[in-house]
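*Asks:* Each residue of the sequence shown is one higher than the last, beginning at 1 in UniProt numbering. Backbone N, C-alpha and C fix where the C-beta goes; we use that ideal spot for every residue, glycine too.
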Amino acid sequence: MVIRYHSKVPGNEGVVQPKIFIGRLIHSKSLKDLEIIPRAAIGVTPNGTIAFVDSKPATASQLQTRYAHEGFAHAQVTTLTKSQFLFPGLIDTHLHAPQWPNLALGMEGTLREWCENYTDPMEASYSSTSKARRVYADVIKNTLALGSTTVAYNSSIHAEATNILADCALAAGQRAIVGKMCITVGSTHGNWEESAEVSLADSEKSVKYIRSIDPEGRLVHPCVQPRGGPYCPPELMRGLGKQCAEYGTYVQAHMCETQSDIDRTLELHPNYTCYSDMYLASGLLTPRTILAHCIHLQTRDLDNLAASRAGVAHNPNSNTCLRDGDCRVRDLLHRGIKVGLGTDCSAGYMPSIHDAMRSASNVSRNLAVREGEGRYVLGFSEVVWLGTMGGAEVVGMEDLIGNFERGKKFDALVVDVEGVVSADASLWEDGEGDGEAMVKKWVFLGDRTSIRKVYVDGELVTGQDAGA
């Protein structure tokens with residue numbers, strides 16, 4: 001057994017119990033501060049909230065007694081092995097769920113070629129709700145297994161398929177932001193809607209539906225979702241801005257991915273000389289806006305991002321595959337702009353934020369070489385922050401998830417570095433070990449088998465005891 005359960009409430013096996021986790025804890029306190037506690041204890045209430053983080057070594061029974069007054073006298077206690085650690089759930093700030101079947105395909109072309117030859121025909125096919133059910137269940141099963149406890153999903157132009165995506169996330173216990181894609185021009189293969197009125201009506205249907213299935217917003221949240229400047233004329237952008245304000249939704253969109261993307265945006269929106277000014281004037285630039293890519297930014301774009309508190313989804317894998325360019329993450333962070341990581345599947349071939357952390361590290365090094373400026377290199381603590389707390393900020397949930405602070409929700413991974421290449425037992429055999437080396441070995445050398453268990457809101461959603 002990788003994990004041992006020490007206690008249950010006699011006669012109450014069906015009751016959700018408080019939980020205590022004992023073992024090494026690794027999480028971000030800030031961009032520069034990666035905290036490692038060799039032997040910590042975390043108490044999790046039945047509703048998934050972290051009640052305490054205790055760094056004083058203690059046995060299971062001692063902890064149950066110490067926190068009995070908080071309801072932990074009969075808590076279920078989980079003790080990690082020496083080669084394991086607790087790590088915050090990963091946050092994917094940009095993933096195209098309908099493109100899932102296209103993973104690893106079409107990366108030889110440019111962004112425009114990839115959209116027209118792969119993306120458009122695939123996304124258009126989700127008029128089939130049976131396909132949506134089949135594909136979206138697989139998307140969520142796999143992203144959870146890869147450690148993504150929260151995902152900002154892009155859907156297709158189909159309200160029914162979008163609602164199925166929200167259903168699948170809620171049923172699987174994954175945090176998700178979901179919105180119907182809006183496109184009326186600039187697309188191919190029938191992947192567009194007949195009018196702004198139809199697009200807005202279907203967007204509103206999905207917003208209302210998602211609110212109805214999770215009215216308290218425990219896990220699933222609606223958003224409005226213009227594909228981007230080249231695909232949504234001014235009247236559609238303005239309508240989505242009004243919808244966002246009326247329903248208080250998130251916004252997901254693309255911005256400044258390529259120079260061609262910018263040129264096409266300004267051609268369709270001739271009143272502006274800056275991509276972000278168009279979103280701002282439409283009411284779509286808010287603290288709950290997630291903008292993918294943001295590679296080719298003007299100074300005015302940086303000003304708008306900083307002032308609006310909109311967040312950036314940095315997609316290092318897809319930007320490399322399609323040769324879009326390298327996001328200057330350091331410049332964004334320097335301006336106080338929120339940045340998280342996205343997989344951008346299927347333009348990115350790997351649907352893993354674990355992989356995105358190492359890709360972000362490599363992209364930053366390549367940028368530093370090309371620009372001759374070492375400041376662009378992201379340190380290890382920074383790439384961990386981007387994959388966890390940075391992502392939490394981008395999705396507007398920094399007070400809820402992202403690390404293991406008291407009062408937050410327990411979204412967590414149990415990571416095991418035993419079996420990772422070059423991670424021999426000398427790293428952990430004394431019970432203390434080199435925690436920094438362990439997490440570096442996992443980030444740069446580990447794979448999906450290193451993630452043994454995934455918890456969302458305190459509940460085990462994947463792992464050997466899932467469903468037990």
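1) Sort Lys82, Thr162, His27, Arg328 by Cα distance to aspartate 411 and report the nearest one.
2) What does the alpha-carbon distance come out to for the pair leucine 302 and leucine 332?
3) Taking 9 Å as the threshold (C-beta atoms), are leucine 219 and threonine 143 in contact?
4) Which stretch, first to last residue, makes up the alpha helix (DSSP H) that contains glutamate 382?
5) Looking only at its own chain, which residues have a Cβ that is under 6 Å from the Cβ of isoleucine 157, when we skip the five neighbours before and after it?
6) Can you check DSSP and say which residues form a bridge with aspartate 54?
7) Please classify glycine 467: is it buried, with 16 or more other beta-carbons within 10 angstroms of its beta-carbon, or exposed?
8) Nearest CA to the CA of glycine 89: which residue from Val456, Gly463, Leu460, Thr462?
9) The alpha helix (DSSP H) spanning serine 28 covers which residue range?
10) Report the three-state DSSP secondary structure of threonine 273 (helix, strand or coil).
11) Rounded to whole angstroms, what is the Cα-Cα separation between asparagine 12 and tyrosine 209?
12) So, is proline 316 buried or exposed, given that buried needs 16 or more other C-beta atoms within 10 angstroms?
13) At what residues does the alpha helix (DSSP H) containing valine 417 begin and finish?
14) At which residue ranges does the region 220–279 contain complete alpha helix (DSSP H) runs of 4 or more residues, listed in the order of the chain?
15) Assuming lysine 131 is part of the alpha helix (DSSP H), what are its boundary residues?
16) With a 10 Å radius around its C-beta and 16 neighbouring C-beta atoms as the bar for buried, classify histidine 314 as buried or exposed.
17) Can you give me the C-alpha to C-alpha distance between leucine 305 and aspartate 326, rounded to a whole angstrom?
18) Secondary structure at histidine 69, three-state DSSP: helix, strand or coil?
19) Can at least three beta-carbon pairs, one atom from the region 399–415 and one from the region 361–373, be found at a separation below 8 Å?
20) Determine whether the beta carbon atoms of proline 222 and alanine 152 lie at a separation below 9 Å.
21) Three-state secondary structure (DSSP) at residue 472?
22) Let me make sure I understand the geometry here. Which of Ala245, Ile36, Leu291, Gly435 has the alpha-carbon closest to that of valine 394?
23) Straight-line CA distance for histidine 74 to phenylalanine 444?
24) Going by the CB atoms, is the gap between leucine 386 and valine 439 shorter than 9 Å?
25) Would you call arginine 335 buried or exposed, if buried means 16 or more other Cβ atoms sit within 10 Å of its Cβ?
26) State whether the region 444–454 contacts the region 109–129, with contact taken as three or more CB pairs (one from each stretch) at a distance under 8 Å.
27) How long is the line joining the alpha carbons of methionine 397 and lysine 408, rounded to whole angstroms?
28) In whole angstroms, what separates the C-alpha of threonine 462 from that of serine 361?
29) Please identify the residue among Thr45, Gly147, Ala145, Pro101 whose C-alpha is closest to the C-alpha of alanine 132.
30) Assign glutamate 108 to buried or exposed, taking buried as 16 or more other Cβ atoms, counted over all protein chains shown, within 10 Å of its Cβ.
31) I need the straight-line Cα distance from glutamate 429 to isoleucine 22, nearest angstrom please.
32) Assuming contact is defined by CB atoms lying nearer than 9 Å, are serine 346 and glutamine 76 in contact in what I supplied?
33) Using three-state DSSP, classify phenylalanine 404 as helix, strand or coil.
34) Please confirm if the region 224–238 is in contact with the region 265–284, defined as three or more CB-CB distances below 8 Å between the two stretches.
35) Would DSSP call methionine 1 helix, strand or coil?
36) For glutamate 113 and threonine 320, I'd like the C-alpha separation in whole angstroms.
*Replies:* So, from the data block:
1) One-based indexing of the sequence shown puts residue 411 at position 411. Comparing Cα-Cα distances from aspartate 411 to each of Lys82, Thr162, His27, Arg328, the minimum goes to His27.
2) Along the sequence shown, one-based indexing puts residue 302 at 302. Along the sequence shown, one-based indexing puts residue 332 at 332. C-alpha separation (whole angstroms): 7 Å.
3) Counted from its first residue, the sequence shown places residue 143 at position 143. Counted from its first residue, the sequence shown places residue 219 at position 219. For threonine 143 and leucine 219, no; Cβs fall outside 9 Å.
4) Indexing the sequence shown from 1 puts residue 382 at position 382. Segment 380–385, the alpha helix (DSSP H) holding glutamate 382.
5) Taking the first residue of the sequence shown as 1, we reach residue 157 at position 157. Cβ neighbours of isoleucine 157 beyond the five flanking positions: Met181, Ile183, Glu193.
6) For the purposes of this step, residue 54 is taken as the residue at position 54 of the sequence shown. DSSP lists Ala41 as partners of aspartate 54.
7) Here residue 467 refers to the residue found at position 467 of the sequence shown. Reliability of the predicted coordinates at glycine 467 is poor, the pLDDT of 37 falling under 50, and the value obtained from them is presented with this limitation in mind. Glycine 467 should be labelled exposed.
8) Here the question's residue 89 lines up with position 89 in the sequence shown. For the residues Val456, Gly463, Leu460, Thr462, the minimum Cα distance to glycine 89 belongs to Val456.
9) Mapped onto the sequence shown, residue 28 falls at position 28. First-last for serine 28: 19–28, but that is the beta strand (DSSP E), not the alpha helix (DSSP H).
10) Locating residue 273 in the sequence shown gives position 273, counting from the first residue. Note: threonine 273 maps to coil in three-state DSSP.
11) The residue given as residue 12 occupies position 12 in the sequence shown. The residue given as residue 209 occupies position 209 in the sequence shown. Because the pLDDT at asparagine 12 is just 46, under 50, the model does not fix this residue reliably, and the point stays unresolved.
12) On the sequence shown, position 316 is the one that residue 316 refers to. Proline 316 comes out buried.
13) On the sequence shown, position 417 is the one that residue 417 refers to. Where valine 417 is concerned, there is no enclosing alpha helix (DSSP H), given that its DSSP letter is neither H nor E.
14) 234–247, 259–268
15) Taking the sequence shown and counting its residues from 1, the one referred to as residue 131 is at position 131. It spans 129–145 - the alpha helix (DSSP H) in which lysine 131 sits, taken as one unbroken run.
16) Taking the first residue of the sequence shown as position 1, residue 314 is located at position 314. Histidine 314 should be labelled buried.
17) What you label residue 305 is simply residue 305 of the sequence shown in a count that begins at 1. What you label residue 326 is simply residue 326 of the sequence shown in a count that begins at 1. Answer to the nearest angstrom: the Cα atoms are 18 Å apart.
18) Counting from 1 along the sequence shown, the entry for residue 69 is found at position 69. Note: histidine 69 maps to helix in three-state DSSP.
19) no
20) Position 222 of the sequence shown, counting from 1, holds the residue named residue 222. Position 152 of the sequence shown, counting from 1, holds the residue named residue 152. Cβ distance not < 9 Å, so proline 222 and alanine 152 don't count as in contact.
21) Lying before the first or after the last residue shown, residue 472 is absent from the chain, which here runs from 1 to 468.
22) The residue labelled residue 394 in the question sits at position 394 within the sequence shown. The option with the nearest alpha carbon to valine 394 is Leu291.
23) Counting from one through the sequence shown, the residue named residue 74 turns up at place 74. Counting from one through the sequence shown, the residue named residue 444 turns up at place 444. Cα to Cα, histidine 74 sits roughly 39 Å from phenylalanine 444.
24) Taking the sequence shown and counting its residues from 1, the one referred to as residue 439 is at position 439. Taking the sequence shown and counting its residues from 1, the one referred to as residue 386 is at position 386. Not in contact: valine 439 and leucine 386 (Cβ atoms no closer than 9 Å).
25) Residue 335 sits at position 335 when you count from the first residue of the sequence shown. Label assigned to arginine 335: exposed.
26) no
27) Working through the sequence shown from its first residue, we reach residue 397 at position 397. Working through the sequence shown from its first residue, we reach residue 408 at position 408. Distance between the alpha carbons of methionine 397 and lysine 408: 10 Å.
28) Numbered from 1 along the sequence shown, position 462 holds the residue referred to as residue 462. Numbered from 1 along the sequence shown, position 361 holds the residue referred to as residue 361. In a straight line, the C-alpha of threonine 462 is about 28 Å away from that of serine 361.
29) Numbered from its first residue, the sequence shown carries residue 132 at position 132. It is Pro101 whose Cα lies nearest to the Cα of alanine 132.
30) Position 108 of the sequence shown holds residue 108. That one is exposed.
31) In the sequence shown, the residue the question calls residue 429 occupies position 429. In the sequence shown, the residue the question calls residue 22 occupies position 22. Whole-angstrom Cα-Cα distance: 17 Å.
32) Stepping through the sequence shown from its first residue, residue 346 is reached at position 346. Stepping through the sequence shown from its first residue, residue 76 is reached at position 76. Not a contact, by the Cβ cut-off of 9 Å.
33) Within the sequence shown, residue 404 is the residue found at index 404, counting from 1. In this structure, phenylalanine 404 counts as coil in the three-state DSSP scheme.
34) yes
35) The sequence position of residue 1 within the sequence shown is 1, counting from 1. Bear in mind that a pLDDT of 24 at methionine 1, under 50, signals an unreliable position, so the number given afterwards is only what the model happens to contain. Coil.
36) Mapped onto the sequence shown, residue 113 falls at position 113. Mapped onto the sequence shown, residue 320 falls at position 320. Near 15 Å, if we compare the C-alpha coordinates of threonine 320 and glutamate 113.
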